[in-house]
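The block underneath contains the structure these notes are about, expressed in structure tokens.
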Amino acid sequence: MRRGGGRRRPQEVRERPLRAGRERARASPVRAAAAGDFPATRRGGAWMLFGRSKELVGLDIGDSSIKVAELRDLGRNRGYEIQSLATEPLPQEAIVDGTVMDAGLVVDTLRRIWSKNKIRNTKVATALSGHSVIIRRINLPLMSESELAEQIRWEAEQYIPFNIDEVSLDYHILEGSSLAGEGNMDVILVAARKERIDDYTSVISQAGLEPAVVDVATFAALNCFEVNYQEEMPGTAALIDIGASVTSIAVLHNGMSVFWRDFSIGGNQYTDTLQRELNLSREQAEAAKKGESVEGVPREQVDAILASVNEELCQEIQRTVDFVKAFASSEAPLEAIYLTGGGSRLPGLGDVLSQQFGARVEPLDPFRQIRVPARLERQLADVAPDSAVAVGLALRKVGDR
């Protein structure tokens with residue numbers, strides 16, 4: 327991997343198991359999902375690496391762009407106000423499938439965002455996603471938390487498909503789980519590759535910023551949903567975050583996240599398929615994906631190719647829905663789908679999902695219940711589809727436990 331500048335591991339990022347984040351003080355019935363391919367229920371989900379109680383800047387580093395959100399807590403249950411909001415594209419070669427390939431490009435982009443937007447707070451919350459993060463719900467005999475801390479590494483070796491020395495571990499005991507069984511308890515186990523944590527915290531530090539929280543991207547998106555859609559909790563819904571290379575899906579039932587998984591379909595797959603099948607340049611394929619006309623390319627050919635990728639996406643979503651129904655022994659229909667992420671901008675995708683699943687489909691509005699000052703209103707239409715993770719991260723505070 328090529329990097330710009332020297333690499334160092336921030337002192338605060340430790341290799342011991344990290345403590346699971348607690349609920350935010352602002353109570354809400356939503357619980358962040360954590361399951362990989364296993365159903366689970368969990369509230370929160372941040373890995374709190376160090377620190378004091380302080381507001382953080384949400385920093386979502388994706389394959390194709392970097393998104394930043396800074397919130398101000400208005401206090402006295404008055405909600406939040408957006409302070410800073412920015413999106414900057416990344417060169418295609420900077421990050422590939424979640425791996426930092428050119429640290430210099432990422433560092434320069436981070437510095438440019440902070441300078442251009444005059445962001446003074448240098449403490450950030452960031453997130454990991456995709457196959458570098460493994461999340462499992464495991465069932466263990468009842469034991470104290472101190473006993474669990476002593477043997478979690480051994481337990482993790484049975485569930486984590488990586489060398490245990492190559493991951494950082496976090497865990498969370500699910501209090502009062504009805505699925506644990508008598509004499510047992512359910513534990514959410516999270517493992518992230520140290521190399522991926524190092525990659526992200528290294529570029530953040532090189533940019534002059536402090537990585538205060540490492541979260542899971544889907545947890546952050548769910549935190550954003552929690553703040554903005556509290557009145558829409560009953561029933562079964564799916565939150566689908568379509569990124570450049572990975573799609574994350576969380577299924578919620580009555581405000582409780584019951585399943586979460588990532589799969590390797592994203593906006594890039596649409597672009598790559600158009601480019602390959604129609605012999606287009608990258609720029610032409612991107613334009614065609616967005617619904618723009620490309621000289622010499624019949625629109626019906628473009629639509630047919632996009633439909634084939636849509637079919638793959640729907641199949642993965644259906645797998646998730648079927649698994650949840652089987653696990654919960656429930657035939658409850660999927661009532662609503664909330665879309666976020668850059669890939670959710672694909673023209674007509676909402677209609678496709680609505681027809682396939684018979685559900686109401688709408689874009690997740692990350693600012694639905696967040697106050698927006700007049701100076702930032704013009705940006706909302708452009709950045710809203712991409713901002714859910716960044717906003718969810720900005721809801722975190724250093725010192726949460």
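Residue numbers (my numbering): 327 to 727. Cβ atoms here follow ideal geometry from the backbone N, Cα and C, with glycine treated the same way.
Going by DSSP, what residues sit across from residue i in a beta bridge?
i, result
"Phe585", "Val577"
"Gly384", "Ala395 and Ala451"
"Arg686", "Ala662"
"Ala563", "Leu578 and Ala662"
"His498", "Ile514"
"Leu466", "Met511"
"Ala412", "Val394"
With DSSP as the reference, label residue i as helix, strand or coil.
i, result
"Asn636", "helix"
"Asp423", "coil"
"Pro355", "Reliability fails at Pro355, whose pLDDT of 27 lies under 50, so the model's placement of it is uncertain and no value is given."
"Glu407", "strand"
"Val572", "coil"
"Glu603", "helix"
"Arg522", "helix"
"Val620", "coil"
"Lys723", "strand"
"Ala546", "helix"
"Ala652", "helix"
"Glu657", "coil"
"Ile591", "coil"
"Gln644", "helix"
Could you check the C-alpha separation between residue i and residue j for me, to the nearest Å?
i, j, result
"Gln644", "Gln484", "29 Å"
"Asp399", "Asp567", "25 Å"
"Glu476", "Arg519", "21 Å"
"Val539", "Asp598", "33 Å"
"Asp512", "Asp588", "22 Å"
"Ile408", "Arg437", "20 Å"
"Val383", "Glu621", "43 Å"
"Arg697", "Lys393", "19 Å"
"Arg625", "Ala633", "12 Å"
"Arg722", "Val623", "47 Å"
"Lys615", "Val678", "15 Å"
"Arg602", "Ala570", "17 Å"
"Val553", "Phe585", "20 Å"
"Ile631", "Tyr596", "8 Å"
"Asp389", "Gly509", "44 Å"
I'd like to know whether the C-beta of residue i is nearer than 8 Å to at least one C-beta of chain D.
i, result
"Arg519", "Chain labels in this structure do not include chain D; a single protein chain is all it has."
Notebook entry, point to check: Counting Cβ pairs closer than 8 Å, one from the stretch 661-669 and one from the stretch 680-691, do we hit at least three?
Noted result: yes
Open item on the list: Check whether the stretch 550-558 and the stretch 703-710 are in contact - that is, three or more C-beta pairs closer than 8 Å.
Closed with: no
task = Any chance you could list the beta strand (DSSP E) runs of at least 3 consecutive residues sitting entirely within the stretch 686-720, in chain order?
result = 686-689
Does the pairing of the stretch 710-727 with the stretch 424-433 give three or more beta-carbon distances under 8 Å?
no
message: Would the stretch 524-537 count as touching the stretch 445-458 if we require 3 or more Cβ pairs under 8 Å?
response: Verdict: yes, contact present.
- Query: Is there contact between the stretch 454-461 and the stretch 520-527, where contact requires at least three CB pairs shorter than 8 Å?
  - Reply: yes
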